[in-house]
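Visitor: Quick one: structure below, then a few questions.
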Amino acid sequence: MSLVRIPLASRRISGVLGSSRTYASKVDIGALKRLRQLNPVAISKAKEALLRTDNDVGKAAEWLDKDALAAGAQKAEKVKDRVATEGGIAVHVNDTHTAAAIVELGCETDFVARNARFVDLATSIAHAGVSFADADAGVRATLANIEIGSLAARLVDGRTVADAITESIGRLGENI
Numbered sequence: 264m265s266l267v268r269i270p271l272a273s274r275r276i277s278g279v280l281g282s283s284r285t286y287a288s289k290v291d292i293g294a295l296k297r298l299r300q301l302n303p304v305a306i307s308k309a310k311e312a313l314l315r316t317d318n319d320v321g322k323a324a325e326w327l328d329k330d331a332l333a334a335g336a337q338k339a340e341k342v343k344d345r346v347a348t349e350g351g352i353a354v355h356v357n358d359t360h361t362a363a364a365i366v367e368l369g370c371e372t373d374f375v376a377r378n379a380r381f382v383d384l385a386t387s388i389a390h391a392g393v394s395f396a397d398a399d400a401g402v403r404a405t406l407a408n409i410e411i412g413s414l415a416a417r418l419v420d421g422r423t424v425a426d427a428i429t430e431s432i433g434r435l436g437e438n439i
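In terms of the numbering used here, the sequence shown is residues 264 to 439.
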């Protein structure tokens with residue numbers, strides 16, 4: 264028995280009402296390298312993103328962000344009942360030294376607590392917490408025990424805190 268290799272010229276995916284979309288069949292190696300520098304994901308995921316976006320690095324990066332958020336939401340649903348007894352504390356002080364935020368962020372294992380992505384997430388959330396005080400810069404007030412819902416709506420690196428946590432759950436594989 265011998266195997267016959269049949270090259271695929273393109274991949275076709277059927278859409279609604281009989282329309283179809285043709286995707287590139289080969290990944291541009293230079294685009295793959297640039298995409299992996301922008302977004303360090305598995306090579307297979309980067310290839311999939313480039314194939315789906317016709318080797319457009321910008322669109323592929325957007326697709327990866329959306330995919331990571333969707334995967335994070337699925338993972339978050341699976342791990343939501345796990346206990347997060349490990350974690351870390353992040354502190355951020357604004358430039359004028361008039362406001363500071365202390366954030367405790369929990370995870371399941373000490374390995375994730377030491378992970379650079381987890382530490383960056385905690386730091387970003389602390390930075391978002393300082394924005395509560397920066398909004399009322401003329402008033403000195405102590406903001407303690409801010410409700411998680413109001414903090415979750417704050418923006419961190421162009422996305423909400425809730426989205427950043429969900430994406431991190433997907434990438435790290437643990438409840439946060």
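Just so you know, even glycine gets a beta-carbon here, dropped at the ideal spot from N, CA and C.
Which runs of the alpha helix (DSSP H) fall wholly inside the segment 323 to 376 and span at least 4 residues, in chain order?
Guide: Segments of the alpha helix (DSSP H) lying fully in the segment 323 to 376: 373 to 376.
Visitor: Would you list the residues sitting across from V290 in a DSSP beta bridge?
Guide: Paired residues: none, contrary to the question.
Visitor: For L418, count neighbouring C-beta atoms within 10 Å of its own C-beta (all shown protein chains included) and say buried if the count is 16 or more, exposed if not.
Guide: Under this definition L418 is an exposed residue.
Visitor: Please determine, among E325, N318, I292, E437, the residue with the shortest C-alpha to C-alpha distance to S422.
Guide: It should be noted that the sequence gives Arg, not Ser, for residue 422. Considering only alpha carbons, the answer is E325.
Visitor: Can the beta-carbon of I365 be found closer than 8 Å to that of V354?
Guide: Result yes, Cβ atoms of I365 and V354 sit closer than 8 Å.
Visitor: Is the beta carbon of G433 closer than 8 Å to that of A347?
Guide: Taking 8 Å as the Cβ cut-off, A347 and G433 do not qualify as a contacting pair.
Visitor: So A385 packs on L368, CB below 8 Å; how close in whole Å?
Guide: Confirmed, about 4 Å.
Visitor: Identify whether V419 lies in helix, strand or coil by the three-state DSSP scheme.
Guide: It is a strand residue.
Visitor: In whole angstroms, what is the alpha-carbon distance linking K310 and A362?
Guide: Between K310 and A362, the C-alpha separation is close to 44 Å.
Visitor: Who are the Cβ neighbours of A460 in its own chain at under 8 Å, not counting the five residues just before and after it?
Guide: With the chain covering 264 to 439 only, the question about residue 460 has no answer from this structure.
Visitor: Report yes if the CB atom of V313 is closer than 8 Å to the CB atom of A323, and no otherwise.
Guide: Reading the sequence as shown, one finds Leu at residue 313 and not Val. Yes, the Cβ-Cβ distance between L313 and A323 is below 8 Å.
Visitor: Assuming contact is defined by CB atoms lying nearer than 8 Å, are L332 and V375 in contact in what I supplied?
Guide: In this structure, V375 does not lie closer than 8 Å to L332 by Cβ.
Visitor: If you reduce the DSSP assignment to three classes, tell me which class D383 lands in.
Guide: Helix.
Visitor: Label D420 either buried or exposed according to how many other C-beta atoms from any shown protein chain fall within 10 Å of its C-beta, with 16 as the threshold for buried.
Guide: It is exposed - the Cβ of D420 has fewer than 16 other Cβ atoms within 10 Å.
Visitor: Taking CB distances under 8 Å as the criterion, tell me whether A336 reaches chain B.
Guide: The chain inventory of the structure shown lacks chain B, comprising one protein chain alone.
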